[in-house]
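Numbering (numbering that gives the first Met the number 0), first residue to last: 0 to 554.
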Amino acid sequence: MKHLLLTGCLLLALVTTLPAASAGSAVSEQASPSATPAPEEPGGDRQVLLTRLTQASLRESAEVLDQLERSGGREMRGLFATMLAGDLYYQRETGRLMAVQKNQAGERIGNDIFTGEDLGIQSRRSIKKVRVNNRLRSHLRDAIARIDLMHGTEAQKEGAVLAILDDLSPQNMRLLQAAAGAGQSDRVSELIELAQAMVELRDSSVTDARLSAIAVMSGRLEAPVRNQLKRLLDDERESDKKIRMAAQQALEEIEGRIAFYGFMEQLFFGLSLGSVLLLAAIGLAITFGVMGVINMAHGEMIMLGAYTTYVVQQLMPGAIEYSLLVAVPAAFLVSGGVGVLIERGVIRHLQGRPLETLLATFGISLILQQAVRTIFSPLNMPVVTPGWMSGAFAINPVFSVTFNRLYILLFALAVFALLLVTLKKTSLGLNVRAVSQNRDMAKAMGVRTEMVDAMTFGLGSGIAGVAGVALSQLTNVGPNLGQSYIIDSFMVVVFGGVGNLLGTLVGGFSLGVTNKFLEPATGAVLANIIVLVCLILFIQKRPKGLFPQRGRAAE
Numbered sequence: 000m001k002h003l004l005l006t007g008c009l010l011l012a013l014v015t016t017l018p019a020a021s022a023g024s025a026v027s028e029q030a031s032p033s034a035t036p037a038p039e040e041p042g043g044d045r046q047v048l049l050t051r052l053t054q055a056s057l058r059e060s061a062e063v064l065d066q067l068e069r070s071g072g073r074e075m076r077g078l079f080a081t082m083l084a085g086d087l088y089y090q091r092e093t094g095r096l097m098a099v100q101k102n103q104a105g106e107r108i109g110n111d112i113f114t115g116e117d118l119g120i121q122s123r124r125s126i127k128k129v130r131v132n133n134r135l136r137s138h139l140r141d142a143i144a145r146i147d148l149m150h151g152t153e154a155q156k157e158g159a160v161l162a163i164l165d166d167l168s169p170q171n172m173r174l175l176q177a178a179a180g181a182g183q184s185d186r187v188s189e190l191i192e193l194a195q196a197m198v199e200l201r202d203s204s205v206t207d208a209r210l211s212a213i214a215v216m217s218g219r220l221e222a223p224v225r226n227q228l229k230r231l232l233d234d235e236r237e238s239d240k241k242i243r244m245a246a247q248q249a250l251e252e253i254e255g256r257i258a259f260y261g262f263m264e265q266l267f268f269g270l271s272l273g274s275v276l277l278l279a280a281i282g283l284a285i286t287f288g289v290m291g292v293i294n295m296a297h298g299e300m301i302m303l304g305a306y307t308t309y310v311v312q313q314l315m316p317g318a319i320e321y322s323l324l325v326a327v328p329a330a331f332l333v334s335g336g337v338g339v340l341i342e343r344g345v346i347r348h349l350q351g352r353p354l355e356t357l358l359a360t361f362g363i364s365l366i367l368q369q370a371v372r373t374i375f376s377p378l379n380m381p382v383v384t385p386g387w388m389s390g391a392f393a394i395n396p397v398f399s400v401t402f403n404r405l406y407i408l409l410f411a412l413a414v415f416a417l418l419l420v421t422l423k424k425t426s427l428g429l430n431v432r433a434v435s436q437n438r439d440m441a442k443a444m445g446v447r448t449e450m451v452d453a454m455t456f457g458l459g460s461g462i463a464g465v466a467g468v469a470l471s472q473l474t475n476v477g478p479n480l481g482q483s484y485i486i487d488s489f490m491v492v493v494f495g496g497v498g499n500l501l502g503t504l505v506g507g508f509s510l511g512v513t514n515k516f517l518e519p520a521t522g523a524v525l526a527n528i529i530v531l532v533c534l535i536l537f538i539q540k541r542p543k544g545l546f547p548q549r550g551r552a553a554e
């Protein structure tokens with residue numbers, strides 16, 4: 000009987016628990032969606048991370064950036080680069096991230112980080128900057144290097160490996176090994192091999208392996224290579240004489256190459272300065288040689304050319320890339336026209352009176368300076384450098400050539416060649432050469448010397464205006480721009496030989512190169528003084544310059 004009662008109780012308990020269990024399972028099935036969220040749409044997690052980035056502290060930002068890099072990869076490069084540049088902001092109300100930069104009017108223009116969409120003008124109060132410190136900047140550089148190495152162009156991959164050379168951590172070395180296994184260009188593979196050699200020298204204890212690593216590093220111009228070799232030689236714990244000797248020889252070879260490319264850099268800067276002096280002096284050489292006029296307003300013709308460049312850019316703000324192509328002929332016409340007016344209105348009335356001409360042109364220079372101050376204000380005017388003139392061509396890690404100076408050098412040579420052809424192959428050039436050699440004889444042969452004087456003065460002033468276009472890409476455009484080059488222009492003309500174009504070419508480049516090689520040792524001011532003293536001593540021996548003018552008028 001007891002067994003029957005016990006069995007009945009068990010059955011009753013089982014029956015009463017079954018509904019509860021089934022109900023519990025149903026409840027658990029209904030609750031499961033909230034316990035395990037449904038997959039979000041693509042980019043959902045990324046959007047959460049982007050929102051966290053705007054709210055995270057400086058300590059938390061590094062972790063958020065790591066998660067963004069893992070989730071976004073290549074798509075995050077623009078975000079990281081913008082944050083590294085300090086241009087990353089977000090809207091206070093919506094939290095939307097954007098790149099914000101100021102335009103020429105000082106307005107803050109926002110652009111979407113990922114699409115580049117123009118978000119219009121942003122008020123200062125509606126946006127807030129995403130903070131970044133030096134630790135985060137280093138973190139961002141490493142992240143950008145990793146992204147470029149795996150997903151970038153050849154140039155980006157090369158830059159990424161160069162950036163990693165400063166931080167040869169195990170993580171970065173694994174990244175380099177993975178990149179090498181994926182196949183790279185010869186240049187990138189060479190840099191990866193260099194990184195492996197640097198790690199071998201740092202971590203290995205095998206002498207032969209370390210000597211092989213130094214052989215790979217020898218002659219390399221990358222700064223991390225040179226720094227590692229210096230640290231090795233300064234480390235007193237390094238007792239291996241073979242390693243120290245090999246490192247010393249490698250470092251001497253590197254420093255020898257650096258010295259050679261330093262010489263090449265100074266030479267390039269000297270030629271660049273010489274090209275500027277050539278452009279500034281070539282017009283003066285024509286007017287001074289043909290007419291014997293000491294034109295103290297020549298610097299203001301350069302200034303007018305620079306201001307013409309500014310005006311042209313204001314008239315075509317949407318086509319800055321082509322503005323210089325328009326500014327060159329415009330500056331020639333403006334400065335040349337002003338030169339003709341000066342010659343017709345003042346210079347021709349002072350023929351044969353050089354002192355009065357000097358004073359008159361000095362007064363004209365003051366008038367032109369004040370006119371520019373009145374029209375444009377005394378402040379420097381901003382002239383934008385076109386994109387094709389910006390940047391530099393890196394020949395190696397220690398020697399690069401800036402595009403603006405390279406283009407100006409080529410431009411100066413082109414102007415010189417065009418002027419030479421004009422004077423040699425045209426009737427104007429024939430008349431100019433005749434008047435410069437013997438004015439009275441040329442006038443007796445029927446040459447209209449007054450017209451030749453006007454055209455010559457206009458031609459020289461126009462070339463000075465073209466020089467102003469070039470100088471606007473190198474220095475500030477202001478009312479005193481021409482005063483900085485008038486003395487140097489006279490020095491070039493006197494040194495090369497009055498009225499001789501070849502002398503002007505040689506004189507301009509000679510003075511420019513000499514000045515740049517003296518500056519590192521003496522300073523800019525003392526270098527100019529030394530050049531001037533040497534020029535005075537030279538004129539004592541050769542009063543007519545390097546290439547004296549030929550003809551009866553030169554006697």
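Idealized CB from N, CA, C, for every residue including glycine.
Beta-carbon proximity list for Ser-125, same chain, < 8 Å, skipping 5 on both sides: Once the five neighbours on either side are set aside, the close Cβ partners of Ser-125 are Gln-90, Arg-91 and Glu-92.
Within 10 Å of its beta-carbon, does Glu-157 have 16 or more other beta-carbons around it, so buried, or fewer, so exposed? Residue burial annotation: Glu-157 is buried, with at least 16 other C-beta atoms found within 10 angstroms of its C-beta.
For Pro-32, three-class secondary structure by DSSP: Here the model assigns Pro-32 a pLDDT of 36, short of 50, so the residue's position is not dependable and the matter cannot be decided.
What three-state label does DSSP hand Asn-395 in the structure shown? DSSP places Asn-395 within a strand segment (E or B) once states are collapsed to three.
Sequence-distant residues of the same chain with beta carbon closer than 7 Å to Ala-526, five excluded per side: Sequence-distant Cβ neighbours of Ala-526 in its own chain, meaning closer than 7 Å and more than five residues away, are Asn-514, Leu-517 and Glu-518.
When the Cβ atoms of the segment 343 to 351 are set against those of the segment 414 to 431, are three or more pairs found closer than 8 Å? The answer is no - the segment 414 to 431 does not touch the segment 343 to 351, with fewer than three Cβ pairs under 8 Å.
Quick one: what's got a C-beta closer than 7 Å to Gly-85's C-beta in the same chain, skipping five residues either side? Taken in chain order, the residues that qualify are Val-131.
Cβ neighbour criterion (16 or more within 10 Å) applied to Leu-278: For Leu-278, the number of other beta carbons within 10 angstroms of its own is at least 16, and it is reported as buried.
Can Leu-175 and Arg-145 be called in contact, C-beta distance under 7 Å? Contact check for Leu-175 against Arg-145 fails: the beta carbons are separated by 7 Å or more.
Going by DSSP, what residue range makes up the alpha helix (DSSP H) through Leu-409? 402 to 424 is the span of the alpha helix (DSSP H), which, as asked, contains Leu-409.
Who pairs with Asp-111 in a beta bridge, going by DSSP? DSSP output for Asp-111 lists Met-97 as bridge partner(s).
To the nearest angstrom, how far is it from the Cα of Pro-396 to the Cα of Ser-376? Roughly 42 Å between the two C-alpha positions.
Residues near Ser-399 by beta carbon distance below 7 Å, same chain, minus five either side: Its chain contains Ala-391, Phe-392 and Ala-393 as the residues whose beta carbon lies nearer than 7 Å to that of Ser-399, once the 5 sequence neighbours on both sides are disregarded; these appear in chain order.
Straight-line CA distance for Ala-178 to Leu-167? Near 15 Å, if we compare the C-alpha coordinates of Leu-167 and Ala-178.
Alpha helix (DSSP H) segment containing Tyr-484, residue limits: That residue, Tyr-484, is in no alpha helix (DSSP H); it is neither H nor E in DSSP.
Burial state of Arg-541, where buried means 16 or more other Cβ atoms lie within 10 Å: Of the other Cβ atoms in all chains shown, fewer than 16 fall within 10 Å of the Cβ of Arg-541; this residue is therefore exposed.
Skipping 5 residues on each side, what residues in its chain have a beta carbon closer than 6 Å to that of Ala-296? Closer than 6 Å at the Cβ level, and outside the excluded window around Ala-296, lie Thr-360, Ile-363 and Ser-364.
Within its chain, find whatever has a CB closer than 7 Å to the CB of Met-454; leave out the 5 residues flanking it on each side and keep chain order. For Met-454, the CB contacts under 7 Å within the same chain, skipping 5 residues up- and downstream, are Leu-427 in chain order.
Burial state of Gly-430 (16 or more Cβ within 10 Å): Note that residue 430 corresponds to Asn in the displayed sequence, not to Gly. Asn-430 is classed as buried because its beta carbon has at least 16 other beta carbons within 10 Å across all chains shown.
Where does Lys-127 fall in DSSP's three states? Under the three-state reduction of DSSP output, Lys-127 falls in the strand class.
According to DSSP, which residues form a beta bridge with Tyr-89? DSSP output for Tyr-89 lists Leu-96 and Lys-127 as bridge partner(s).
Would Val-532 and Ser-471 qualify as a contact pair, given that the criterion is a beta-carbon distance under 7 Å? Cβ distance not < 7 Å, so Val-532 and Ser-471 don't count as in contact.
Name, in chain order, the residues that DSSP records as bridge partners for Asp-117. Bridge partners of Asp-117: Asn-110.
Same chain, Cβ closer than 7 Å to Ile-319, neighbours up to 5 away in sequence not counted: Here Ile-319 has Gln-312, Val-383 and Pro-385 as same chain residues with Cβ atoms under 7 Å from its own Cβ, once five neighbours each way along the sequence are excluded.
Given 8 Å, three or more beta-carbon pairs between the segment 457 to 464 and the segment 319 to 336: With three or more CB-CB distances shorter than 8 Å, the segment 457 to 464 counts as touching the segment 319 to 336.
Look up Val-505 in the DSSP assignment and say whether it is helix, strand or coil. Helix, per DSSP.
Which two residues bound the contiguous alpha helix (DSSP H) that contains Lys-442? Taken as a continuous stretch (DSSP letters only), the alpha helix (DSSP H) holding Lys-442 covers 438 to 443.
In chain order, each alpha helix (DSSP H) run of at least 4 residues that lies wholly inside the segment 293 to 343: Whole alpha helix (DSSP H) segments, 4+ residues: 297 to 314.
CA-to-CA distance, Asn-403 to Gly-496, given in whole angstroms: Answer to the nearest angstrom: the Cα atoms are 29 Å apart.
Length of the line joining the Cα atoms of Arg-219 and Arg-225: Here the C-alpha atom of Arg-219 lies approximately 8 Å from the C-alpha atom of Arg-225.
Taking C-beta to C-beta, are Phe-494 and Gly-477 nearer than 7 Å? No, they are not a contact pair.
How big is the Cα-Cα spacing for Ala-305 and Gly-151? When the Cα atoms are used, Ala-305 and Gly-151 turn out to be separated by approximately 40 Å.
To the nearest whole angstrom, what separates the beta carbons of Phe-546 and Leu-473, a pair I think is in contact under 8 Å? About 28 Å separates the beta carbons of Phe-546 and Leu-473, which is beyond the 8 Å limit, so they are not a contact pair.
Report yes if the C-beta distance between Met-263 and Gln-227 is below 7 Å; otherwise report no. The criterion of a C-beta distance shorter than 7 Å is not satisfied by Met-263 and Gln-227.
Ala-258 to Thr-401, Cα distance in whole Å? The alpha-carbon atoms of Ala-258 and Thr-401 are separated by roughly 19 Å.
Which same chain residues end up closer than 8 Å to Ile-529 when comparing Cβ atoms and leaving out the 5 residues on each side of it in sequence? Correct list, in chain order: Leu-517 and Thr-521.
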